[in-house]
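Inspection log for the structure reproduced underneath, given as structure tokens.
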Amino acid sequence: MFILNEITDALKNGDVNTLGIYGIGGIGKTTLAKEIARRAENDKLFDQVVFSEVSESQDIRKIQREIADKLGLKFDEESESGRARRLHDRLKKEKRILVILDNIWGKLDLKAAGIPHGDDHRGCKVLLTARSLDTLSRKMDSQKNFSVSFLKEEEAWSLFKKMAGDSVEGNELKEVARDVAKECAGLPVAIVTVATALRDNNSLFDWKDALEQLRRPSSTNLMNVQPTAYKAIKLSYDKLAGEELKNIFLLIGYTAIASIDDLLMYGMGMGLFQEERVVFHA
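Numbering (UniProt numbering) for the sequence shown: 1 to 282.
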């Protein structure tokens, strides 16, 4: 996705320390933010990448705890201000660190949370996601903001083909694959989710089954979630082989996991992995 490259370039800009991603609920902001975190770690853009889900409640202690856990920091202090000082001092020790704060609803006092930024620590960059540009630019003083919006039909099809693989170009699958892509309604998170679930699948039956699932009216009414996005994610979940993978899928969606290390830590702690396989792959 072009926007992914734009944001990555902005992260490399020494004059930009606060960036934002905005768009309607369910458009794929969190998915994009996690992909940026993954890329930033893989490309060694930062020494550390930390991720925290903020939400409407703006629980400062929760934000502090999630960032501290990633850094291996333990709090002795009970007060928010005491924790903020400890966290601030710890973050200042990192030469290059990316702090991702997902789902901002209003002004969040970064200083009160213990997150240094701007002239206080030029090596600390903050990436925010929110539903409105106003939240980012006016309330959070974000310097560079990126809009995530619905894709036009040909843009959507191009992204779908890229994620689904060469199988969609076959004469037998192309027509139904096009129909599946259209059911994603230009929603990036739905396109990526569905295409990845069907990647390199040459079974016409599976593609038609996926199309039928996406066309079926959703029986679930979730607040602030696009029905198309929900159906796409449900399809992806159903396509997973085995309960272990499904439990891992649910774990990733429920927690602020932005790296393989986090996934291993939480998964092993909850007993989701078969010990032999974990040791082998680790």
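Beta carbons: idealized from backbone N, C-alpha and C, even for Gly.
It should be emphasised that the depicted structure is a prediction, and the values quoted were computed from it without experimental measurement.
Taken atom to atom, the span from the alpha-carbon of I104 to that of L91 is near 21 Å.
Secondary structure of N145 (DSSP, three-state): strand. By the criterion of a C-beta distance shorter than 6 Å, R96 is surrounded in its chain by F46, D47 and G123, once the five residues flanking it on both sides are discounted. Counting the other CB atoms within 10 Å of its CB gives E56 a total below 16, which places it among the exposed residues. Two segments are said to touch when three or more pairs of C-beta atoms, one from each, lie closer than 8 Å; by this definition the region 126-144 does not touch the region 162-172. In the DSSP annotation of this structure, I104 is not part of any alpha helix (DSSP H); the continuous beta strand (DSSP E) holding it starts and ends at I97 to I104. Counting along the chain, E53 sits inside the beta strand (DSSP E) bounded by residues Q48 to E53.
Annotation for L151: G186 place their beta carbon closer than 6 Å to its own, counting only its chain and skipping 5 residues before and after.
In this chain, the alpha helix (DSSP H) harbouring V176 covers K174 to E183. By the neighbour-count criterion, in which a residue is buried when 16 or more other Cβ atoms sit within 10 angstroms of its Cβ, K231 is buried. Our two residues, L173 and L204, have alpha carbons roughly 6 Å apart in a direct line. In the three-state scheme derived from DSSP, where H, G and I count as helix and E and B as strand, G26 is classed as coil. The continuous beta strand (DSSP E) containing T129 extends over residues C124 to A130. In the DSSP assignment, I21 is bridged to T129 and F146.
Bounds of the alpha helix (DSSP H) holding D209 are L204 to R215. Closest by C-alpha distance to L32, out of N42, G114 and I21, is I21. If you draw a straight line from the Cα of Q64 to the Cα of K93, it comes to about 16 Å. Q58 carries a coil assignment under DSSP once its states are collapsed to helix, strand and coil.
L19 is positioned such that its CB atom lies closer than 8 Å to that of K144.
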